[in-house]
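Notes follow once the structure below has been shown.
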Amino acid sequence: MTVLELGPDAIEPRLLDADEAQMLDAVMGQSLGVQAGERVLVVTDPPKRSLGQLFARGALRATRNVQLLLMPAAPDHGSEPPARVAEAMAEADVCFLPTSKSLSHTHARRNASAAGARVASMPSITYEMAMRTLRVDYAAIARTSQALADLLSAASAVRLTAPGGTDLYLDLNGRQGFADTGVFTASGAFGNLPAGEAFVAPLEGRAHGTLVFDAALPVDDPDDAVASAPMLIEVRDGLAHNVTGPGARDLQAVFDRLGKDARNIAELGIGTNPATRISGNVLECEKVVGTAHVALGNSLHIGGATDVPFHSDGVLNRPTIMAGDTPLIEDGRLAV
102 MTVLELGPDA IEPRLLDADE AQMLDAVMGQ SLGVQAGERV LVVTDPPKRS LGQLFARGAL
162 RATRNVQLLL MPAAPDHGSE PPARVAEAMA EADVCFLPTS KSLSHTHARR NASAAGARVA
222 SMPSITYEMA MRTLRVDYAA IARTSQALAD LLSAASAVRL TAPGGTDLYL DLNGRQGFAD
282 TGVFTASGAF GNLPAGEAFV APLEGRAHGT LVFDAALPVD DPDDAVASAP MLIEVRDGLA
342 HNVTGPGARD LQAVFDRLGK DARNIAELGI GTNPATRISG NVLECEKVVG TAHVALGNSL
402 HIGGATDVPF HSDGVLNRPT IMAGDTPLIE DGRLAV
């Protein structure tokens, strides 16, 4: 399909109930700070079209300058969108991205941020998740996330362990930690909704150990297979090897299609949003307080050096992350 462009008069004219209006007003006001007259772009795809319509309706409560683009569903998290979408993102003041696959780790998103657009990425978000997790205390999430990001910035290396079997060394020397706070009111600000994490890009080629995803997989898990068996990955020289367990075949197919860089250990993150829960949806699971996540693939857009059209996170339960003798999280309990 080609990209379908809808202006404000073509956006679904349905009434919002009180809870929907409250959620959307929190997102438009507290999170993105949408002002009258600003250019708001909503990018969605067929599986998430109803969510795209919902956020477009919410944006119309703040400004009449709203455009909805419906693009084909992307093959992978981190795949570049069509050129028309990338162009429109760079021209907008505010971008909402409720899509099936993430546009966060793309040149299109990075260029939009560089042009000053405020971007909220919402890959795989559901209606229920939006209603439950987007009406939160963003200031409290920001304080916790920034405190953990500062600890990640100060750490030269960390050891990540968990009861499920993870034991992974990550070199962070010289890398900056970042906070996904949900407050995207500054020019060029970017993050996820639902928000709530601190994250860092480890040094390439330096990670080693064992990684076990037992809360959410870095590939689609339609049967919730991770609930009964985890995914195990051997990590050597900063790359994922010997993947076993649910989703292993799908992840190997990505590696075969995109090459060695898709195996890169791209990110370490810690969840900080108390409104989220383990749901099988990575966007939500990675924000759950008491979890950690590790991403594979692209790290270029978060301070790393690997550029590949793939970035996907897996989540693990009850992690401990030690920077020397200093815990950042211990058996799922945050140290801040």
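Here the sequence shown is numbered in our numbering, starting from 102 and rising by one per residue. Even for Gly, the Cβ is constructed at its ideal location relative to N, Cα and C. Quick caveat, the model's predicted, so the values are computed rather than measured.
With fewer than 16 other CB atoms across the displayed protein chains lying within 10 angstroms of its CB, Tyr228 is exposed. About 13 angstroms separates the CB atoms of Leu249 and Leu273; that is not less than 8 angstroms, and the two are not in contact. Excluding sequence positions up to five before and after Thr234, its CB lies within less than 7 angstroms of the CB of Pro295, Asn374, Ala376, Thr377, Glu385, all in the same chain and listed in chain order. Note on Gln277: under 16 other CB atoms within 10 angstroms of its CB, so exposed under the neighbour-count rule. The alpha-carbon of Met230 is positioned some 30 angstroms away from that of Asp408. Just so you know, the alpha carbons of Leu417 and Pro319 end up roughly 11 angstroms apart. Note that the C-beta distance between Val383 and Leu269 is not below 9 angstroms. In this structure, the CA atom of Glu387 is about 14 angstroms from the CA atom of Gly283. With fewer than three CB-CB distances shorter than 8 angstroms, the segment 253-268 does not count as touching the segment 166-181.
DSSP lists Ile422, Leu435 as the bridge partner or partners of Ile430. Less than 9 angstroms divides the Cβ of Thr311 from the Cβ of Thr267. Straight-line spacing of the CA atoms in Asp194 and Asp177 works out to 26 angstroms.
With distances taken between CA atoms, Arg260 lies nearest to Ala308 out of Ala308, Gly292, Gly217, Asn293. For Leu161, the closest alpha carbon among the candidates Gly381, Leu117, Ala189, Leu198 is that of Leu117. About 11 angstroms separates the beta carbon of Pro182 from that of Thr145, a gap too long to meet the 8 angstroms contact definition. Note that the segment 188-203 touches the segment 215-224; at least 3 beta-carbon pairs, one per stretch, sit closer than 8 angstroms.
The criterion of a C-beta distance shorter than 9 angstroms is not satisfied by Ala263 and Thr427. Within the segment 337-384, the alpha helix (DSSP H) runs of at least 4 residues that lie entirely inside it are, in chain order, 349-359.
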